[in-house]
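Read left to right, the sequence shown gives residues 27 to 346 (the working numbering). Positions of the beta carbon are idealized from the N, C-alpha and C atoms, including for glycine. Working notes, beginning with the structure itself.
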Amino acid sequence: RKIRVIMAENNLTYLAEFVLLGFSDLPNLHGFLFGVFLVIYLCILMGNGLLIVITKVDPSLQTPMYFFLGNFSFLEICYTSVTIPKMLADLWSQKTTISFVACAVQTCFLYILGGAECLLLAVMAYDRYVAICKPLYYPLIMNNKICIELVVASWMIGVPILIEETYLIFSLNFCGPNKINHIFCEAPPLLKLACGDTYKIEVSVHVIALLFVLIPFLLIFTSYLKIITTILKLPSTSGRTKAFSTCSSHLMVVTLFYGSGSIVYLQPRSFQSAESGKVLSLFYTTVTPMLNPVIYSLRNKDVVAALRKLLPKSIGSLNN
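If you want it as structure tokens, here you go:
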């Protein structure tokens, strides 16, 4: 159902709600998809929640690296909670409408939290650079105050920019169809529905994406270039292996998140298709947050040891 608000003075028509098409082309699979995404969401909550707990309670993980990991896990929970609950509600109720205001709020939070993830991943790369390339200065450079300031900066830097960007997107005149061929609200599918010239807004979206994707990525790339150069100079094989193992988890998460996100936001509009956009968006909003705890658990001996210490205690307390 299409609800419209008519502005008689300037003869413009504005949509009051959108329809998220989502998985409408797979009506017989809605129940199955609901179950799949519910399991994925629960895995994200439990996996990342467990990482937050162990980084707080285990004495061996009271280091900057795990402080950033705990914050990143919390950010992953917030990020997925912007999209997955609405997706689950749509699959369950078969009602896929979203109000204009709710769509704008979802887009805004998605961008703020996504931007914070990009920046925090860059901070985590810098932490590894200091730890491996300047180990003697590591406690001095990455002190508690600096770590907190870097996390706060990661969360807050993008807020005014991305609020303004969301305002510009939703200030466009959506006078045509109200069906968004996507699973949640974000710029690429929304711009296809806007009337009039959207070129300036599209350029703005790409510029903001470049700022929050390319600049942190270049910082990460530079950090790891210096890290790899330093590691290769280490005399012992065991030292090189240990140094690589502390970085491999972060590199895998960076590749998954940046790879899918950059394809969606940095490729020209003419090359974008609705179906590929859905798949890639699901990847960086759902799959990567689910894999984050798995990657860090499997690739990090300290995390595995902390989990082994925590889980028996939890099971014992339940038995008692």
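Under three-state DSSP, which class holds residue i?
{"i": "Leu52", "result": "coil"}
{"i": "Val108", "result": "coil"}
{"i": "Ile253", "result": "helix"}
{"i": "Phe200", "result": "coil"}
{"i": "Phe210", "result": "coil"}
{"i": "Thr122", "result": "coil"}
{"i": "Leu47", "result": "coil"}
{"i": "Lys327", "result": "helix"}
{"i": "Lys335", "result": "helix"}
{"i": "Lys171", "result": "helix"}
{"i": "Lys160", "result": "coil"}
{"i": "Lys259", "result": "coil"}
Which residues in the same chain as residue i place their Cβ atom closer than 6 Å to its Cβ, once the five residues preceding and following it in sequence are excluded?
{"i": "Glu102", "result": "Asn74, Pro315, Asn318"}
{"i": "Leu245", "result": "Ala148"}
{"i": "Ala213", "result": "Ile195, Val231"}
{"i": "Leu336", "result": "Ile80"}
{"i": "Ile70", "result": "Thr106, Pro315, Met316"}
{"i": "Thr224", "result": "Leu217"}
If I measure Cβ to Cβ from residue i and keep anything under 7 Å in the same chain, skipping five residues before and after, which residues do I get?
{"i": "Tyr155", "result": "Ser249, Lys252, Ile253"}
{"i": "Ser323", "result": "Val329, Val330, Leu333"}
{"i": "Thr312", "result": "Ile66, Thr106, Ile110"}
{"i": "Lys304", "result": "His208, Ile209"}
Where residue i and residue j are concerned, what is the direct C-alpha to C-alpha distance, given to the nearest angstrom?
{"i": "Thr171", "j": "Leu114", "result": "Per the sequence shown, residue 171 should be read as Lys rather than Thr. About 40 Å."}
{"i": "His168", "j": "Gly140", "result": "In the sequence under discussion, the amino acid at residue 168 is Met, which differs from the His named in the question. Straight-line Cα distance between these residues: approximately 24 Å."}
{"i": "Phe135", "j": "Phe126", "result": "15 Å"}
{"i": "Phe49", "j": "Gln120", "result": "10 Å"}
{"i": "Val131", "j": "Leu217", "result": "16 Å"}
{"i": "Leu46", "j": "Asn97", "result": "31 Å"}
{"i": "Leu306", "j": "Gly285", "result": "9 Å"}
{"i": "Cys159", "j": "Ser262", "result": "16 Å"}
{"i": "Gly274", "j": "Glu43", "result": "Looking at the sequence itself, residue 274 is Ser, so the reference to Gly does not match. Going from the Cα of Ser274 to the Cα of Glu43 covers about 44 Å."}
{"i": "Ile321", "j": "Leu277", "result": "10 Å"}
{"i": "Thr255", "j": "Phe270", "result": "11 Å"}
{"i": "Leu87", "j": "Tyr164", "result": "16 Å"}
{"i": "Tyr310", "j": "His208", "result": "14 Å"}
{"i": "Leu260", "j": "Tyr67", "result": "41 Å"}
{"i": "Val229", "j": "Phe210", "result": "21 Å"}
Kindly give me the distance between the Cβ atoms of residue i and residue j, rounded to whole angstroms, as I take these residues to be in contact under 8 Å.
{"i": "Leu77", "j": "Leu95", "result": "6 Å"}
{"i": "Cys144", "j": "Val239", "result": "6 Å"}
{"i": "Asp153", "j": "Pro90", "result": "5 Å"}
{"i": "Leu219", "j": "Ile227", "result": "Between Ile227 and Leu219 the Cβ distance is about 12 Å, and since that is not below 8 Å, they are no contact."}
Just checking: is the beta-carbon of residue i within a distance shorter than 8 Å of some beta-carbon in chain D?
{"i": "Met278", "result": "Absence of chain D from the displayed structure is noted, only one protein chain being present."}
Spatial neighbours of residue i within its chain, please: CB distance less than 8 Å, with the 5 preceding and 5 following residues excluded, ordered by chain position.
{"i": "Gly184", "result": "Tyr137, Ile138, Gly141, Ala142, Leu145, Phe238"}
{"i": "Leu59", "result": "Phe49, Leu52, Leu117"}
{"i": "Cys221", "result": "Leu198, Asn199, Phe200, Cys201, Gly202"}
{"i": "Thr133", "result": "Thr192, Ile195, Phe196, Cys211, Glu212, Ala213, Leu216"}
Is the beta carbon of residue i within less than 7 Å of some heavy atom of the ligand NAD?
{"i": "Gly141", "result": "This structure simply doesn't include the ligand NAD, nor any ligand for that matter."}
inquiry  = Restricting to runs no shorter than 4 residues, where is the alpha helix (DSSP H) found entirely within the segment 212-246?
reply    = Within the segment 212-246, the complete alpha helix (DSSP H) segments of 4 residues or longer fall at 213-217, 225-235, listed in chain order.
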